[in-house]
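A.B. asks: Numbering (this note's numbering), first residue to last: 8 to 189.
1. Could you tell me the alpha carbon to alpha carbon distance between residue 135 and residue 53, rounded to whole angstroms?
2. Can you check whether the CB of residue 41 is closer than 8 angstroms to the CB of residue 163?
3. For residue 152, name the three-state secondary structure that DSSP assigns.
4. Enumerate in chain order the residues of its own chain whose CB-to-CB distance from residue 147 is below 8 angstroms, with the five nearest sequence positions on each side excluded.
5. Measuring CA to CA, which of 55, 60 and 9 is closest to residue 18?
6. Using a Cβ distance threshold of 8 angstroms, determine whether the region 65 to 76 contacts the region 86 to 101, with at least three qualifying pairs required.
7. Quick check: the region 124 to 131 against the region 170 to 178, are at least 3 beta-carbon pairs closer than 8 angstroms?
8. Could you check which residue in 8, 15 and 43 has the C-alpha nearest to that of residue 181?
9. Check each candidate in 82, 132 and 99 and name the one with the smallest Cα separation from residue 89.
10. May I ask which residues mark the beginning and end of the beta strand (DSSP E) holding residue 76?
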């Protein structure tokens, strides 16, 4: 029964024209602090979304452990629908937060199913550096809830899961973000 930690990336730069934002100075500090905290808890396999902010959050822990980071495309950020410009992405995501997953969007359904398939394929203790919406989609799946926003995971918070008898279980939610801003 593997232990799975979903780690939200550190604070990332914001801007309409930044398609794959890097961590901010604070984000790098958050990543280092998380690495120090996790380093003493025992080694895990390290995986990451292909997005720069997730990989940069994983790097300090990989460096401490002398481990590699496996990039997993299935845990990337939620895909933007066709026709939504990069300048409209953040307002589009915010508009989703009070909706339900019953959206008849094939791309989004495939994205969610891919995350679930990946998590069920994990056979060893693993930390997955990923995103707000990835974590919420999995918590919704575990709770059998159609509500998109289950909680507001803070930057570098850890949501812990386990798999028993081919079922995903929530062990603990990560720290909740105080502000209403993503």
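For each residue, glycine too, the CB sits at the ideal point set by N, CA and C. Note that the structure is predicted; figures quoted are calculated from it, not measured.
C.D. replies: In short:
1. The residue you call residue 135 lines up with position 128 of the chain shown. The residue you call residue 53 lines up with position 46 of the chain shown. Residue 53 has its alpha-carbon roughly 6 angstroms from the corresponding atom of residue 135.
2. On the chain shown, residue 163 is found 156 positions in, with the first residue counted as 1. On the chain shown, residue 41 is found 34 positions in, with the first residue counted as 1. Yes, they are a contact pair.
3. In the chain shown, residue 152 corresponds to position 145, counting from 1. Of the three classes helix, strand and coil, the one that applies to residue 152 here is coil, per DSSP.
4. Counted from its first residue, the chain shown places residue 147 at position 140. Taken in chain order, the residues that qualify are 108, 153, 154, 155 and 157.
5. For the purposes of this step, residue 18 is taken as residue 11 along the chain shown, with counting starting at 1. Measuring C-alpha to C-alpha distances from residue 18 to each of 55, 60 and 9 identifies 60 as the nearest.
6. Short answer: they don't touch.
7. For the pair of segments examined, the region 170 to 178 was found to touch the region 124 to 131: the number of CB pairs separated by less than 8 angstroms reaches three.
8. Position 174 of the chain shown, counted from the start, is the residue given in the question as residue 181. Among 8, 15 and 43, the Cα nearest to that of residue 181 belongs to 15.
9. For the purposes of this step, residue 89 is identified with residue 82 of the chain shown, where counting begins at 1. Residue 89 has its Cα closest to that of 99, out of 82, 132 and 99.
10. What you label residue 76 is simply residue 69 of the chain shown in a count that begins at 1. Judged by DSSP secondary structure, residue 76 falls within the beta strand (DSSP E) whose first and last residues are 76 to 78.
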